[in-house]
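From first to last, the protein sequence lines stand for chains A and B.
Mapping of the first sequence onto my numbering: position 106 corresponds to residue 746, and the numbering continues sequentially without gaps.
Mapping of the second sequence onto my numbering: position 93 corresponds to residue 733, and the numbering continues sequentially without gaps.
Glycine residues also receive a C-beta, built at the ideal position from the N, C-alpha and C atoms.
Number of protein chains: 2
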Amino acid sequence: MNSNRIASALVLALFAATSTTSSAEEAAPKPASPLYGVVVPEDYRHWQLVGVATEDAPLDELRAVVGNRIAIDAYRLGQLPFPDGAMLVKLAWKRQRSTEFPAATVPGQPTTVQVMVKDSKRYADSGGWGYGRFVDGQPVDKAQHQTCFACHNALVKARDDVFTKFAP
Amino acid sequence: MNSNRIASALVLALFAATSTTSSAEEAAPKPASPLYGVVVPEDYRHWQLVGVATEDAPLDELRAVVGNRIAIDAYRLGQLPFPDGAMLVKLAWKRQRSTEFPAATVPGQPTTVQVMVKDSKRYADSGGWGYGRFVDGQPVDKAQHQTCFACHNALVKARDDVFTKFAP
Chain A
641 MNSNRIASAL
651 VLALFAATST
661 TSSAEEAAPK
671 PASPLYGVVV
681 PEDYRHWQLV
691 GVATEDAPLD
701 ELRAVVGNRI
711 AIDAYRLGQL
721 PFPDGAMLVK
731 LAWKRQRSTE
741 FPAATVPGQP
751 TTVQVMVKDS
761 KRYADSGGWG
771 YGRFVDGQPV
781 DKAQHQTCFA
791 CHNALVKARD
801 DVFTKFAP
Chain B
641 MNSNRIASAL
651 VLALFAATST
661 TSSAEEAAPK
671 PASPLYGVVV
681 PEDYRHWQLV
691 GVATEDAPLD
701 ELRAVVGNRI
711 AIDAYRLGQL
721 PFPDGAMLVK
731 LAWKRQRSTE
741 FPAATVPGQP
751 TTVQVMVKDS
761 KRYADSGGWG
771 YGRFVDGQPV
781 DKAQHQTCFA
791 CHNALVKARD
801 DVFTKFAP
């Protein structure tokens with residue numbers, strides 16, 4: 641083996657190693673919601689803010705909804721229904737009194753991460769949206785997911801089943 | 641004039657028109673806060689979410705803090721003090737009961753937009769931060785701005801005078 645061949649062999653070996661690692665990473669299944677097969681989007685914590693909310697006891701939570709670029713653009717344009725590819729994620733935390741500024745409440749322990757994914761063909765039976773509710777990265781059970789569409793559709797059908805408005 | 645010259649003239653005319661518009665826009669002074677000369681950043685509504693909060697009555701507000709790339713990177717790295725160029729904006733809205741989902745409160749009328757800009761030289765006398773509080777795009781008075789640094793520094797000096805923690 642001359643030096644060129646050794647170099648080629650090393651490059652091939654490196655490539656094979658990299659490809660294997662990469663395939664292995666891709667192969668690792670992300671936990672998906674029952675009924676919908678929705679997963680937590682990798683980069684959602686970098687998305688832009690749509691709006692915020694509180695939810696009363698017993699949940700007693702602070703919430704923020706963020707959207708991917710497609711969703712944010714649709715909000716800004718007032719585009720309804722949301723186009724395919726739009727994704728919304730609601731972050732939720734237990735609401736706790738600020739220790740530094742007692743007139744404020746602030747996020748405590750994270751509780752759920754809730755995802756809506758628009759795919760009008762795949763989710764044609766649920767208004768075009770797939771739903772996922774996750775606790776500690778794991779989807780909650782099928783029974784809980786069976787309630788998503790009916791509630792959203794009953795209460796905010798006129799806004800394409802999306803509760804959260806874009807906060808100015 | 642041959643067609644090339646006409647084309648060149650048109651390009652120049654277009655450029656001149658664009659430049660003029662652009663200069664005129666840039667020349668319009670943005671309202672700046674007293675004491676600090678801080679303005680509302682143009683694109684803050686596109687920034688990433690830091691955290692959310694409520695503030696009790698009489699304000700009775702929902703709040704969200706967003707940060708520019710420098711601020712978000714510093715949060716993620718746990719970098720203190722924040723580097724020069726870091727900017728934080730707190731959006732605030734009157735808190736109102738959701739009409740569609742009565743267990744929730746949601747943003748109502750926007751109230752204040754509050755800005756912190758890190759520039760350790762320019763704002764050496766106030767912990768490196770310049771402050772701006774705006775209502776309807778206009779800065780509030782000098783007396784209100786005189787309270788910013790003292791309160792932040794008294795209560796959260798250990799976090800470089802920044803109240804809002806990065807919410808997971």
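- With fewer than 16 other beta carbons inside 10 angstroms of its own, A/S760 counts as exposed.
- Counting only residues of its own chain and dropping the five nearest sequence neighbours on each side, A/E695 has a CB closer than 6 angstroms to the CB of E701.
- As DSSP reads the structure, A/W733 sits in a beta bridge with A/L702 and A/P750.
- Taken through DSSP and simplified to helix, strand or coil, B/A798 comes out as helix.
- If you draw a 10 Å sphere on the C-beta of B/R773, you find 16 or more other C-beta atoms in it, and that means buried.
- Nearest to B/Y676 by alpha-carbon distance, out of B/A693, B/A714, B/P723 and B/A783, is B/A783.
- B/M727 and B/P698 have their alpha carbons spaced roughly 28 angstroms apart.
- Three or more pairs of CB atoms, one per stretch, sit closer than 8 angstroms, so the region 685-695 of chain A contacts the region 706-723 of chain A.
- Straight-line measurement puts the Cα of B/D765 at about 43 angstroms from the Cα of A/L717.
- In the three-state DSSP reduction, B/R762 falls in the coil class, being neither helix nor strand.
- Shown here, A/F774 sits in a strand according to DSSP, grouped into three states.
- With a cutoff of 9 angstroms on beta-carbon distance, A/K758 and A/P808 are scored as not near each other.
- Residue-level contact check: A/L728 does not touch chain B, since none of the beta carbons of chain B fall below 9 angstroms from its beta carbon.
- A check of alpha carbon separations from A/V755 across A/Y715, A/V780 and A/K797 identifies A/V780 as the nearest.
- Residue contact check for A/G691 against chain B: a CB pair falls below 9 angstroms.
- With contacts defined as CB atoms closer than 9 angstroms, B/G770 and B/N793 fail to qualify as a contacting pair.
- A direct Cα-to-Cα measurement between B/V802 and B/V679 gives close to 18 angstroms.
- DSSP places A/L717 in the uninterrupted alpha helix (DSSP H) bounded by R709 to L717.
- Annotation: B/P669 to B/K805 spans about 33 angstroms, alpha carbon to alpha carbon.
- DSSP places A/Q784 within a helical segment (H, G or I) once states are collapsed to three.
- Against chain B, the beta carbon of A/D696 has neighbours under 9 angstroms at P742, A743, A744 and T745, listed in chain order.
- Neighbours of A/V796 in chain B, taken as residues whose beta carbon is under 9 angstroms from its own, are E740 and F741 in chain order.
- Between the alpha carbons of B/V692 and A/Y763 lies a gap of roughly 32 angstroms.
- B/A714 counts as buried, since no fewer than 16 other beta carbons sit within 10 angstroms of its beta carbon.
- Under a 10 Å Cβ-count criterion, A/T787 is classified as exposed, with fewer than 16 other Cβ atoms of the shown protein chains found around its own Cβ.
- For B/F803, the chain A residues whose C-beta falls within less than 7 angstroms of its own C-beta are E740 and F741, listed in chain order.
- Pairing B/V746 with B/Y684 gives a Cβ-Cβ distance that is not under 9 angstroms.
- A residue is called buried once 16 or more other Cβ atoms fall within 10 Å of its Cβ, and B/R735 is buried on that count.
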